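*Asks:* The structure that follows is given in the form of structure tokens.
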Amino acid sequence: MLKVFSCGDSGGSSTLRRLDLFANNIQKLNVSCFPALEHIRLSNNSKLELQADVFASNPGLKSLLCQGVKGEVLVGLSAVTKKNLSCVAFSLFVEKSPLTICGLLKGMDQLEKVEVDLKGSRLPQTNSSLLDCATPPEVVIVDANLGNVAQLSLGRGNTSKLHLINCGLKQISRTTFDGYRGLEMLQLNQNKLDIQWDTFEGLTHLTFLSFDKSKVADIDPNWFVPLKKLTCLSLTKNAITELKPKVFSALTRLEQLYLQFNLLKYITKKPFSKLRRLQKLNLSLNIIDFIEADTFQDLINLTYLDLSGNRIKRLTPYILSGLINLKTFILYNNRLHFKSYETPFINLTSLEYLQMTYQGPGGQGIGTIGPHFFQDQRQLISFEIGHSILLDFHPDAFIPLVNLKYLYIAGVVMKTTNLSAVLSPLKQLKRLTIYRADLDALPANLLPPDNTLEILKVQSNHLHTVDIAMLDALPRLHFLDITDNPLTCTCDNAWFKTWAIHNTHTQVSYLYNLKCDNDRRSPYLWQFDDKACSYEQVSFTLFIACSVVDMLFVCVCLAWHTQGPTLRYLLLILRAKLRGRRGAAGAKFQYDAFISYSSNDEAWVMGQLVPNLERPAAGAPRLRLCLHHRDFRPGAAVMENIEAAIYGSRHTICVVTRHFLRSEWCSLEFQLASLRLLCDGSDVLLLVFLEEIPERCLSPYTRLRKIVHKKTYLLWPENPQEQDAFWVRLIDALKDNEEEEEGEGGAEQELSRLIG
Numbered sequence: 000m001l002k003v004f005s006c007g008d009s010g011g012s013s014t015l016r017r018l019d020l021f022a023n024n025i026q027k028l029n030v031s032c033f034p035a036l037e038h039i040r041l042s043n044n045s046k047l048e049l050q051a052d053v054f055a056s057n058p059g060l061k062s063l064l065c066q067g068v069k070g071e072v073l074v075g076l077s078a079v080t081k082k083n084l085s086c087v088a089f090s091l092f093v094e095k096s097p098l099t100i101c102g103l104l105k106g107m108d109q110l111e112k113v114e115v116d117l118k119g120s121r122l123p124q125t126n127s128s129l130l131d132c133a134t135p136p137e138v139v140i141v142d143a144n145l146g147n148v149a150q151l152s153l154g155r156g157n158t159s160k161l162h163l164i165n166c167g168l169k170q171i172s173r174t175t176f177d178g179y180r181g182l183e184m185l186q187l188n189q190n191k192l193d194i195q196w197d198t199f200e201g202l203t204h205l206t207f208l209s210f211d212k213s214k215v216a217d218i219d220p221n222w223f224v225p226l227k228k229l230t231c232l233s234l235t236k237n238a239i240t241e242l243k244p245k246v247f248s249a250l251t252r253l254e255q256l257y258l259q260f261n262l263l264k265y266i267t268k269k270p271f272s273k274l275r276r277l278q279k280l281n282l283s284l285n286i287i288d289f290i291e292a293d294t295f296q297d298l299i300n301l302t303y304l305d306l307s308g309n310r311i312k313r314l315t316p317y318i319l320s321g322l323i324n325l326k327t328f329i330l331y332n333n334r335l336h337f338k339s340y341e342t343p344f345i346n347l348t349s350l351e352y353l354q355m356t357y358q359g360p361g362g363q364g365i366g367t368i369g370p371h372f373f374q375d376q377r378q379l380i381s382f383e384i385g386h387s388i389l390l391d392f393h394p395d396a397f398i399p400l401v402n403l404k405y406l407y408i409a410g411v412v413m414k415t416t417n418l419s420a421v422l423s424p425l426k427q428l429k430r431l432t433i434y435r436a437d438l439d440a441l442p443a444n445l446l447p448p449d450n451t452l453e454i455l456k457v458q459s460n461h462l463h464t465v466d467i468a469m470l471d472a473l474p475r476l477h478f479l480d481i482t483d484n485p486l487t488c489t490c491d492n493a494w495f496k497t498w499a500i501h502n503t504h505t506q507v508s509y510l511y512n513l514k515c516d517n518d519r520r521s522p523y524l525w526q527f528d529d530k531a532c533s534y535e536q537v538s539f540t541l542f543i544a545c546s547v548v549d550m551l552f553v554c555v556c557l558a559w560h561t562q563g564p565t566l567r568y569l570l571l572i573l574r575a576k577l578r579g580r581r582g583a584a585g586a587k588f589q590y591d592a593f594i595s596y597s598s599n600d601e602a603w604v605m606g607q608l609v610p611n612l613e614r615p616a617a618g619a620p621r622l623r624l625c626l627h628h629r630d631f632r633p634g635a636a637v638m639e640n641i642e643a644a645i646y647g648s649r650h651t652i653c654v655v656t657r658h659f660l661r662s663e664w665c666s667l668e669f670q671l672a673s674l675r676l677l678c679d680g681s682d683v684l685l686l687v688f689l690e691e692i693p694e695r696c697l698s699p700y701t702r703l704r705k706i707v708h709k710k711t712y713l714l715w716p717e718n719p720q721e722q723d724a725f726w727v728r729l730i731d732a733l734k735d736n737e738e739e740e741e742g743e744g745g746a747e748q749e750l751s752r753l754i755g
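Under numbering that gives the first Met the number 0, the residues of the sequence shown are numbered 0 to 755, in order.
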């Protein structure tokens, strides 16, 4: 933990605006190197001491948060610093300090919010004068011990937002908030409240009221009669067991109502009458098992309804009538059950998001999603279902969902033959998740031909193989997740291994963690040796062709089989020539050198190679280097970028390490560069070894081993005193070859001139 923080240690910053030093052991502070600082958090640094001029270099400081720090730290602040502050938070132990809150806030004329932590203090139980002075618009009091407060004094009517959190409030009455006619937000969370019927009589401008975690068991409708402007009411985590008739009828402007984490068992229509402006209603995590018909009849503007975490067994169109503008409906973790002929959501014509997973504990399970289940649900965009003890889909269940984009099915038993029929109407689907659905295979016609699927997740099923026809039928797919499936490392999946590694359009999630279910020698799919699969295919071709072309065709096929990689690279060379990649000997190159290296060695390349070749010391030539991440053309195929880099550079420098030897892309780059060396006859390949590699490690890499034995290579010295010589040798090698090529090119041009 820091004891002394000085911005000079970090180099300073002229643009830093926010600094968080929460929960250290800082005693002294220096932030003069951060002139643009606006917000600083110093909470829980109990031994902190601030000098008067500590923020002299921070004229724009607006927010100072010091919870858990003695309020005395504010005393010495300069008048200029105090004047600019708009938000301040601190702790104060009243019983130990003669300071008052008002004294600490003196001079903070621009203050908009103050938060005071009074944990451990002992304030009077009645007539509490916490801030008997001019107060900012927003006041937060935390961990006080107010008890029964007859009248709370918080200044001279300037406060519009008041938060009394865990303040030990027991009883509040009409006189408690006398003088606060302009109060707009009142938060009384974590108190054991006894609220009088006329407590809020004078708070006619209140728009937000919260009693979270306050042991409220019974709601008195008279509380809300004066609150004509209230738009948000929160009664979360209380002990409410019943909603009385018309309990909220006075709140005609209410837009948000939160009643989650209570003990409500049944809901009738009467509590929500006249709440025509209500937009969000949360009744989750109660014990509701019955909802009366037409309960939500008056909630014509409701857009969000959460009934999750209850014991609801039945939902009918009559229960949900009136919700014509509902867009989000959350029903997970209930006991819902439907018959195949039911249409529970037929009245929800604006519904866009429906969540009904985890149905069944203590019930019969969801049952059958019938052909009319989603009748008139053309606007539905997202649907989540599953984790039910009984669930089945009719083949025509999703026909109305013409605009569905996100589908999540989990924890059910899906039949492969039925899957295609169920999903066939979903042409607009963008994301499909089928999780733990006991699938053995994915059909080739998983979705309709003109589908737009982009993300497919089929985790934790029983897939052994991946059908190439299925993936070919998903042209827009860019993310595939098949984790936790028992994939077999056989020739049936050989194509998928190659496709997953080299395909640049679709990302396979956790590709290098996909395990083989049948091969202990190669536990991971990417390690599976599929050479035998290629041999079987070639052998079959030879068997058919031998009767036609006899030994000649056999020889050609064997040559292709044994020298396939070499022929492949030669074809690339031929293609490069046809495209004009290689011009005359005197052609101008775009780069002096293409750098082939493993991403694991990028630190050395960017920290050593690039600075010494592109930005050398005075007198040394500046070279142009081609690097993967910097110079490859966006949107082009990786192979095409590599080819262009090698033939657009005068040299290729291979940074050889063990990581380089294990990299498939590095191997490809080396093969192309070495074949250019072979075909052009020019010395274009330079090898730089960053580490000593034993001869036995080079044995599998035949071409590299031959070049090492025939050509001189450079070895990176560990001794810093020898590294300057290394760079001289490397630059000389590049320079000598350049002069040689320029000489040859000039001679050819002169000869052409004389002949012409």
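Backbone N, C-alpha and C fix where the C-beta goes; we use that ideal spot for every residue, glycine too.
Remember, predicted model here, so these are calculated numbers, not experimental data.
Quick one: give me the first and last residue of the alpha helix (DSSP H) that T80 is part of.
*Replies:* That run of the alpha helix (DSSP H) goes A78 to N83.
*Asks:* Taking the CB atoms as reference points, tell me whether K243 and I218 lie closer together than 8 angstroms.
*Replies:* Yes. Within cutoff.
*Asks:* What is the residue span of the beta strand (DSSP E) that C86 lies within?
*Replies:* Start and end: C86 to S90.
*Asks:* Taking its Cβ as the centre, do 16 or more other Cβ atoms sit within 10 Å of K81, making it buried, or is it exposed?
*Replies:* Counting Cβ neighbours within 10 Å, K81 comes out buried, since at least 16 surround it.
*Asks:* Which whole-angstrom value describes the C-beta separation of G70 and F89, a residue pair presumed to lie in contact below a C-beta threshold of 8 angstroms?
*Replies:* Yes, G70 and F89 are in contact; Cβ-Cβ is about 5 angstroms, under 8 angstroms.
*Asks:* DSSP on F495, reduced to helix/strand/coil?
*Replies:* F495: helix per DSSP, three-state reduction.
*Asks:* Roughly how many whole angstroms lie between the Cα atoms of R475 and L455?
*Replies:* Taking the straight line from one Cα to the other gives about 11 angstroms.
*Asks:* Is T302 buried or exposed, if buried means 16 or more other CB atoms sit within 10 Å of its CB?
*Replies:* Label assigned to T302: buried.
*Asks:* Buried or exposed for K710, going by 16 or more other Cβ atoms inside 10 Å?
*Replies:* K710 comes out exposed.
*Asks:* Using DSSP with H/G/I as helix, E/B as strand and the rest coil, what is Y511?
*Replies:* Three-state DSSP puts Y511 in a helix.
*Asks:* G585 by DSSP, collapsed to three states: which one?
*Replies:* Reliability of the predicted coordinates at G585 is poor, the pLDDT of 49 falling under 50, and no value is obtained from them.
*Asks:* Given a cut-off of 8 angstroms, decide if N261 and N281 are closer than it, judged by their beta-carbon atoms.
*Replies:* Not closer than 8 angstroms, so no.
*Asks:* Looking at the secondary structure, which residues open and close the alpha helix (DSSP H) in which G364 lies?
*Replies:* Here G364 belongs to no alpha helix (DSSP H), and DSSP marks it neither H nor E.
*Asks:* Taking the beta carbon of P343 as the centre, do at least 16 other beta carbons fall within 10 Å, making it buried, or is it exposed?
*Replies:* The residue in question, P343, is buried, as its Cβ has 16 or more Cβ neighbours within 10 Å.
*Asks:* Have a look at K530, T489 and T482 and flag the residue whose alpha-carbon is nearest the alpha-carbon of L510.
*Replies:* Among K530, T489 and T482, the Cα nearest to that of L510 belongs to T482.
*Asks:* Look up S423 in the DSSP assignment and say whether it is helix, strand or coil.
*Replies:* It is coil, neither helix nor strand.
*Asks:* Hey, K312 and R334: beta-carbon distance below 8 angstroms or not?
*Replies:* Yes, the pair counts as a contact, with Cβ atoms nearer than the cut-off.
*Asks:* Measuring only the C-alpha atoms, how far is E639 from F659?
*Replies:* Approximately 20 angstroms, taken between the alpha carbons.
*Asks:* Which of the three DSSP states is assigned to S5 in this structure?
*Replies:* Reduced to three states, the DSSP call for S5 is strand.
*Asks:* Along the chain, where does the alpha helix (DSSP H) containing V609 start, and where does it finish?
*Replies:* From DSSP, the alpha helix (DSSP H) with V609 extends over V609 to E613.
*Asks:* Find the nearest neighbour of V637 within the set W525, L304, I500 and C545, judged by alpha-carbon distance.
*Replies:* For the residues W525, L304, I500 and C545, the minimum Cα distance to V637 belongs to I500.
*Asks:* From the DSSP secondary-structure annotation, give me the bridge partner or partners of Q358.
*Replies:* Q358 is bridged to N333.
*Asks:* What are the start and end residues of the alpha helix (DSSP H) that includes D305?
*Replies:* Premise fails: D305 lies in the beta strand (DSSP E), Y303 to D305, not in any alpha helix (DSSP H).
*Asks:* For K734 and A619, what's the separation of their Cα atoms in angstroms?
*Replies:* Taking the straight line joining both Cα atoms gives about 11 angstroms.
*Asks:* Report buried or exposed for L557, applying the criterion of at least 16 other Cβ atoms within 10 angstroms of its Cβ.
*Replies:* Looking at its Cβ environment, which holds fewer than 16 other Cβ atoms inside 10 Å, L557 is exposed.
*Asks:* For V507 versus L486, is the C-beta distance shorter than 8 angstroms?
*Replies:* Cβ atoms of V507 and L486: not closer than 8 angstroms.
*Asks:* From the DSSP output, in three-state form, read off V72 for me.
*Replies:* Of the three classes helix, strand and coil, the one that applies to V72 here is helix, per DSSP.
*Asks:* Does I100 come out as helix, strand or coil in the three-state DSSP assignment?
*Replies:* DSSP places I100 in helix when its eight states are reduced to three.
*Asks:* Under DSSP, the alpha helix (DSSP H) around I641 begins and ends at which residues?
*Replies:* Run containing I641: V637 to Y646, per the alpha helix (DSSP H) assignment.
*Asks:* Work out the CA separation of K326 and Q378 for me, nearest whole Å.
*Replies:* Approximately 9 angstroms, taken between the alpha carbons.
*Asks:* Report the residue from F328, N402, S598 and R632 whose alpha carbon sits nearest the alpha carbon of S283.
*Replies:* For S283, the nearest C-alpha among the options comes from F328.
*Asks:* With H, G and I counted as helix, E and B as strand and the rest as coil, what does DSSP make of Q195?
*Replies:* The answer is coil: DSSP assigns Q195 none of H, G, I, E or B.
*Asks:* Please list, in chain order, all residues of the same chain as E690 whose beta carbon is under 6 angstroms from its beta carbon, the five residues on each side excluded.
*Replies:* Once the five neighbours on either side are set aside, the close Cβ partners of E690 are T656.
*Asks:* Give a yes or no on whether the C-beta atoms belonging to F372 and E341 are separated by under 8 angstroms.
*Replies:* Yes.
*Asks:* Tell me which same chain residues have a C-beta within less than 7 angstroms of the C-beta of S13, skipping the five on either side of it?
*Replies:* If we look at S13 and ignore the five residues flanking it on each side, its Cβ neighbours are P34 and A35.
*Asks:* Going by other Cβ atoms of all chains shown within 10 Å of its Cβ, with 16 needed for buried, is S9 buried or exposed?
*Replies:* The residue is exposed, with fewer than 16 neighbouring Cβ atoms inside 10 Å.
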